[in-house]
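S.K.:
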Amino acid sequence: MTTDNPAARLLAILQQGKTFPATTPTKDVWEKILGIDEQGVGKESLLMAKLSQFVLLPHQVEKLIAEHYPELSENLRYSMDKLQSAVLGQNLSGQWTSFSGHVDQHSLSTLSMAAALLDHKLDTKLIESEQLQGFKTKIQDILDTSIQSNLNMEFKKYIQHYMQKILTAIDDYLISGAQPILDALEATLGHAVLDPEFKEDLKETETGSKIREVLGDLANVVTIATAATGAIAFIANNGVPLLN
Numbered sequence: 110m111t112t113d114n115p116a117a118r119l120l121a122i123l124q125q126g127k128t129f130p131a132t133t134p135t136k137d138v139w140e141k142i143l144g145i146d147e148q149g150v151g152k153e154s155l156l157m158a159k160l161s162q163f164v165l166l167p168h169q170v171e172k173l174i175a176e177h178y179p180e181l182s183e184n185l186r187y188s189m190d191k192l193q194s195a196v197l198g199q200n201l202s203g204q205w206t207s208f209s210g211h212v213d214q215h216s217l218s219t220l221s222m223a224a225a226l227l228d229h230k231l232d233t234k235l236i237e238s239e240q241l242q243g244f245k246t247k248i249q250d251i252l253d254t255s256i257q258s259n260l261n262m263e264f265k266k267y268i269q270h271y272m273q274k275i276l277t278a279i280d281d282y283l284i285s286g287a288q289p290i291l292d293a294l295e296a297t298l299g300h301a302v303l304d305p306e307f308k309e310d311l312k313e314t315e316t317g318s319k320i321r322e323v324l325g326d327l328a329n330v331v332t333i334a335t336a337a338t339g340a341i342a343f344i345a346n347n348g349v350p351l352l353n
């Protein structure tokens with residue numbers, strides 16, 4: 110992926126899919142592309158959840174092209190129909206060709222054009238995978254520390270909820286881009302505004318200090334990636350003033 114828009118994300122996933130032999134089990138390919146390394150029942154559930162996000166990408170591409178380049182909307186029809194056939198025709202218990210066989214070079218070329226056009230219109234930037242991995246490590250450390258701490262149980266509950274929400278959004282970056290990370294950040298900060306006790310714990314505890322630092326750093330990165338404005342952009346530039 111070279112840009113962060115639905116067409117670029119969809120293209121990157123399809124291009125990666127083209128590198129797998131046609132006889133590879135379909136589930137194995139999706140698990141590798143979508144970064145699923147869970148085991149047991151949770152593995153199946155996670156796969157279906159991520160596939161449901163992937164299925165939305167063609168619709169998101171169509172909407173954005175219709176909004177910014179309405180004269181080109183009809184040019185996407187063939188490629189979107191081919192992708193719909195790929196999704197509906199795939200056999201998750203069969204071979205990868207049940208999906209990849211529907212994805213032709215014309216569709217990839219059309220998506221490449223759409224990605225370039227949207228990149229020109231949308232002022233978004235990529236977040237480097239190393240940066241995202243660094244944030245995941247810090248947030249997981251906060252989660253592990255809070256679980257083992259003597260912090261207020263209510264505070265621990267909310268921290269685990271919101272930090273997990275951010276982690277999930279980071280894990281889904283390949284499919285969904287940076288916007289869900291931004292949404293998770295805003296939800297966390299919004300709760301701090303509405304809940305005085307939660308806000309006080311963020312201000313007065315060591316864990317709260319770590320959270321404020323990570324949220325501020327992540328807000329800075331995500332604001333650039335999404336070209337965000339408003340409250341989150343203010344926080345990115347000024348730290349977390351509502352919690353000081």
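Just so we're aligned, residue 110 is where the sequence shown starts under the working numbering, counting upward by one. Every residue gets a Cβ at the ideal spot worked out from N, C-alpha and C, and that includes glycine. Note that this is a predicted model, so its numbers are computed, not measured.
(1) Which stretch, first to last residue, makes up the alpha helix (DSSP H) that contains PRO115?
(2) Excluding the five sequence neighbours on either side, which residues of its own chain have a C-beta within less than 6 Å of the C-beta of LEU231, listed in chain order?
(3) According to the neighbour-count rule (16 or more other Cβ atoms, all chains shown, within 10 Å of its Cβ), is ALA278 buried or exposed?
(4) Leaving out five residues before and five after LEU181 in sequence, what residues of the same chain have Cβ atoms less than 7 Å from its Cβ?
(5) What first and last residue would you give for the alpha helix (DSSP H) that runs through ASP292?
(6) With distances taken from CA atoms, which of VAL323, PHE163, THR314, LEU260 is nearest HIS120?
(7) Can you give the Cα-Cα distance for SER285 and ARG118, rounded to whole angstroms?
(8) Is it buried or exposed, MET262, if we count other Cβ atoms within 10 angstroms and call 16 or more buried?
(9) If you count every other CB in all the chains shown that lies within 10 Å of the CB of LEU311, and 16 or more means buried, which is it?
(10) Skipping 5 residues on each side, what residues in its chain have a beta carbon closer than 6 Å to that of TYR267?
(11) Once you ignore the five residues that flank LEU201 on each side, which residues in its own chain have a CB closer than 6 Å to its CB?
(12) So what's PRO350 in DSSP terms, helix, strand or just coil?
(13) According to DSSP, what are the bridge partners of PRO134?
(14) Give a yes or no on contact between the region 208 to 225 and the region 248 to 256, applying the rule of three or more CB pairs nearer than 8 Å.
(15) Could you pull the start and end residues of the alpha helix (DSSP H) that GLY210 belongs to?
M.R.: Let me spell this out:
(1) Residue range 115 to 126 is occupied by the alpha helix (DSSP H) that includes PRO115.
(2) So the qualifying residues of the chain are ASN114.
(3) buried
(4) ILE174
(5) 288 to 303
(6) What sits at residue 120 in the sequence shown is Leu, not His. Taking only the C-alpha atoms, the option nearest LEU120 is PHE163.
(7) 8 Å
(8) exposed
(9) buried
(10) PHE307
(11) THR135, LYS136
(12) Note that PRO350 scores a pLDDT of 49, beneath 50, so its modelled location is shaky; the value from the coordinates is reported in the next line. If DSSP states are grouped into helix, strand and coil, PRO350 belongs with the helices.
(13) GLN204
(14) no
(15) Here GLY210 belongs to no alpha helix (DSSP H), and DSSP marks it neither H nor E.
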